[in-house]
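Undergrad:
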Amino acid sequence: MTKNRNSRNKSRNKQGRRDQNTEIASRGSSFQGEKGTQNQLWLFGNHAVYAALINPERTCHRLLLTADAKTDAEAILAQASENGLSRPGIEIVDRATINQTLSEGSVHQGIAMMVAPLPSLALEDICQSLAEQSQALVVIIDQGTDPRNIGAVMRSASAFGAAAVIVQDRHAPEATGVLAKAASGALETLPLVRVTNLSRALEQLNEVGFWSVGLAGDSDQTLDTLEWPDKTILVLGSEGKGMRRLVRENCDFITKIPMTEHMESLNLSNAAAIALYEIHRNNLSKKQSA
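First residue of the sequence shown? That's 75 in my numbering, and the numbers climb one at a time after it.
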């Protein structure tokens with residue numbers, strides 16, 4: 075087990091640190107979507123669009139459907155209406171029209187919706203909301219660049235109870251329709267927080283009781299033998315390069331997924347799903363034994 079917190083210098087001025095590390099959460103930032111504009115984008119696929127329709131934080135502008143997708147969409151629209159949400163009328167179109175509206179290769183399942191970006195959140199808001207919780211989970215992705223991978227991590231993070239996913243603004247993809255499709259609705263319910271500096275973000279979370287666990291294949295500690303903290307930050311590196319040096323040095327523990335010699339590593343989203351399940355299983359075990 076690798077433990078680094080006691081070796082780190084905690085004497086930095088807190089206000090100065092926050093001034094240098096402005097965090098924006100994309101439940102969402104302004105971004106350009108598939109054939110959208112700076113303040114609009116197209117979501118596509120059943121789960122991404124349905125989740126957006128019932129999300130009170132999401133402003134929806136146009137809804138394109140093929141005839142065979144109408145019945146299911148009407149049920150979701152009825153749910154949105156019951157919740158007092160204003161939603162656009164259905165525009166019945168053929169698949170070719172949706173294909174021309176979206177980027178080439180978009181798997182839309184006969185449904186696409188033009189939306190506005192979600193409201194922004196600061197990392198301080200996340201810290202404040204989790205400060206008094208005895209058990210919590212946050213995911214940090216260091217230099218993940220593939221929107222499908224980020225979306226898949228968000229899907230797993232939502233399934234296993236994470237409170238937020240944090241990425242570095244400079245290296246992470248925007249929250250486009252591709253990411254939303256891979257997230258399978260999680261973009262509407264789980265904050266995707268963009269920060270300037272991941273090491274400072276780790277320190278801010280440390281200050282409200284979190285301990286960080288980095289995933290690295292060269293660790294001597296396997297995640298099935300780790301005593302997981304009640305408030306955990308799971309830190310994932312990019313495929314190939316892993317975590318950067320400063321991010322790794324700011325982790326309290328370093329662990330790995332136990333694997334056979336037949337495979338050297340897993341891709342980002344697969345590794346995340348395994349680690350998130352292990353944390354969730356560990357948390358459930360603690361609750362049952364309490």
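Think of the CB as a built atom: it goes at the ideal place given N, C-alpha and C, for glycine as much as any other residue.
What is the DSSP secondary structure of ASN344, counted as helix, strand or coil?
TA: Sequence index remark: in the sequence shown, residue 344 carries index 270 (1-based). In this structure, ASN344 counts as helix in the three-state DSSP scheme.
Undergrad: Can you grab the Cα-Cα spacing for the pair ASP168 / GLY184, in whole Å?
TA: Here residue 168 corresponds to residue number 94 of the sequence shown, with the count starting at 1. Here residue 184 corresponds to residue number 110 of the sequence shown, with the count starting at 1. Between ASP168 and GLY184, the C-alpha separation is close to 8 Å.
Undergrad: Per DSSP, what are the beta-bridge partners of VAL321 in this structure?
TA: Within the sequence shown, residue 321 is the residue found at index 247, counting from 1. BP columns for VAL321 are empty, so no partner.
Undergrad: Among ALA347, VAL189 and LEU300, which has the Cα closest to the Cα of SER160?
TA: Translated into the one-based positions of the sequence shown, residue 160 becomes position 86. The shortest Cα separation from SER160 among ALA347, VAL189 and LEU300 belongs to VAL189.
Undergrad: Distance, Cα to Cα, GLU178 vs ARG318?
TA: Residue 178 sits at position 104 when you count from the first residue of the sequence shown. Residue 318 sits at position 244 when you count from the first residue of the sequence shown. Going by the C-alpha atoms only, they are around 34 Å apart.
Undergrad: In this structure, does DSSP put GLN153 in helix, strand or coil?
TA: Indexing the sequence shown from 1 puts residue 153 at position 79. Of the three classes helix, strand and coil, the one that applies to GLN153 here is helix, per DSSP.
Undergrad: Let's test the definition: count the other Cβ atoms within 10 Å of the Cβ of PRO130 and tell me whether it reaches 16, buried, or not, exposed.
TA: In the sequence shown, counting from the first residue as 1, residue 130 sits at position 56. Exposed: under 16 other Cβ atoms inside 10 Å.
Undergrad: Check the C-beta distance from LEU253 over to ALA186 and give it rounded, since I have them as a contact under 8 Å.
TA: Here residue 253 corresponds to residue number 179 of the sequence shown, with the count starting at 1. Here residue 186 corresponds to residue number 112 of the sequence shown, with the count starting at 1. 15 Å between Cβ atoms; not a contact.
Undergrad: Whole angstroms are fine: how far does the CA of ALA233 sit from the CA of ASN157?
TA: The count along the sequence shown starts at 1 and reaches residue 157 at position 83. The count along the sequence shown starts at 1 and reaches residue 233 at position 159. C-alpha separation (whole angstroms): 24 Å.
Undergrad: Exposed or buried, which one is MET228 when buried takes at least 16 other CB atoms within 10 Å?
TA: As a working mapping, residue 228 is identified with position 154 in the sequence shown. So MET228 counts as buried.
Undergrad: Can you name, in chain order, every residue of its own chain whose Cβ lies under 6 Å from the Cβ of LYS305, other than the five neighbours on each side?
TA: Indexing the sequence shown from 1 puts residue 305 at position 231. Only ALA210, GLY283 and PHE284 meet the Cβ criterion.
Undergrad: Ignoring anything shorter than 3 residues, give me the beta strand (DSSP E) runs that lie fully in the segment 201-229, in order along the chain.
TA: 210-216, all fully within the segment 201-229.
Undergrad: I need the DSSP call for ILE328, collapsed to helix, strand or coil.
TA: Here residue 328 refers to the residue found at position 254 of the sequence shown. ILE328: strand per DSSP, three-state reduction.
Undergrad: If GLY225 sits next to ALA275, beta carbons under 8 Å apart, how far is it from one beta carbon to the other, in whole angstroms?
TA: The residue given as residue 225 occupies position 151 in the sequence shown. The residue given as residue 275 occupies position 201 in the sequence shown. Rounded, the Cβ-Cβ distance is 20 Å, inconsistent with contact.
Undergrad: Please go through the same chain and pick out, in chain order, the residues whose beta-carbon is closer than 8 Å to the beta-carbon of SER155, but skip the five residues on each side of it.
TA: Counted from its first residue, the sequence shown places residue 155 at position 81. Once the five neighbours on either side are set aside, the close Cβ partners of SER155 are ARG161.
Undergrad: Who are the near neighbours of THR96 in its chain, counting only those whose CB is closer than 7 Å to its CB and skipping five residues on each side?
TA: As a working mapping, residue 96 is identified with position 22 in the sequence shown. Interpretation of THR96 is limited by its pLDDT of 40, a score under 50 that renders its predicted location unreliable; no figure is taken from the coordinates.
Undergrad: PHE284: beta carbon under 7 Å from a heavy atom of the ligand ATP?
TA: Although the ligand ATP was asked about, the structure shown includes no ligands whatsoever.
Undergrad: I need the DSSP call for THR96, collapsed to helix, strand or coil.
TA: Sequence index remark: in the sequence shown, residue 96 carries index 22 (1-based). Confidence at THR96 is low in this model, with a pLDDT of 40, below 50, so its placement is unreliable and the value that follows should be read with caution. Correct three-state label for THR96: coil.
Undergrad: Taking only runs that begin and end inside the segment 258-315, name each unbroken beta strand (DSSP E) of 3 or more residues, in chain order.
TA: Listed in chain order, they are 266-269, 285-289 and 305-311.
Undergrad: Alpha carbon to alpha carbon, how far is ARG222 from ASN344? Give it in angstroms, no decimals.
TA: Along the sequence shown, one-based indexing puts residue 344 at 270. Along the sequence shown, one-based indexing puts residue 222 at 148. Rounded to the nearest angstrom, the two C-alpha atoms are 12 Å apart.
Undergrad: Look at the Cβ atom of HIS182, then the Cβ atom of THR219, and state whether they are nearer than 8 Å.
TA: Here the question's residue 182 lines up with position 108 in the sequence shown. Here the question's residue 219 lines up with position 145 in the sequence shown. Taking 8 Å as the Cβ cut-off, HIS182 and THR219 do not qualify as a contacting pair.
Undergrad: Indicate the three-state DSSP secondary structure (helix, strand or coil) for ILE353 in the structure shown.
TA: Counted from its first residue, the sequence shown places residue 353 at position 279. In this structure, ILE353 counts as helix in the three-state DSSP scheme.
Undergrad: Hey, how far is the Cα of ALA205 from the Cα of ASN280?
TA: For the purposes of this step, residue 205 is taken as residue 131 along the sequence shown, with counting starting at 1. For the purposes of this step, residue 280 is taken as residue 206 along the sequence shown, with counting starting at 1. The alpha-carbon atoms of ALA205 and ASN280 are separated by roughly 10 Å.
Undergrad: Go ahead and label ASP292 buried or exposed: buried means 16 or more other beta carbons lie within 10 angstroms of its beta carbon, across all protein chains shown.
TA: As a working note, residue 292 is residue 218 in the sequence shown. Classification for ASP292: exposed.
Undergrad: Please report the residue range of the alpha helix (DSSP H) in which ILE172 lies.
TA: Along the sequence shown, one-based indexing puts residue 172 at 98. It spans 169-175 - the alpha helix (DSSP H) in which ILE172 sits, taken as one unbroken run.
Undergrad: Mapping DSSP to helix, strand and coil, what is GLU198?
TA: What you label residue 198 is simply residue 124 of the sequence shown in a count that begins at 1. Of the three classes helix, strand and coil, the one that applies to GLU198 here is helix, per DSSP.
Undergrad: Does ALA238 come out as helix, strand or coil in the three-state DSSP assignment?
TA: Position 164 of the sequence shown holds residue 238. In the structure shown, ALA238 sits in a strand (DSSP, three-state: E or B).
Undergrad: How is ALA256 classed by DSSP in three states: helix, strand or coil?
TA: In the sequence shown, residue 256 corresponds to position 182, counting from 1. ALA256: helix per DSSP, three-state reduction.
Undergrad: Closer than 7 Å by C-beta to CYS325: which residues in its own chain qualify, once you throw out the five before and the five after it? Chain order, please.
TA: The residue given as residue 325 occupies position 251 in the sequence shown. Taken in chain order, the residues that qualify are ASN78, SER286, VAL287, GLY288 and VAL309.
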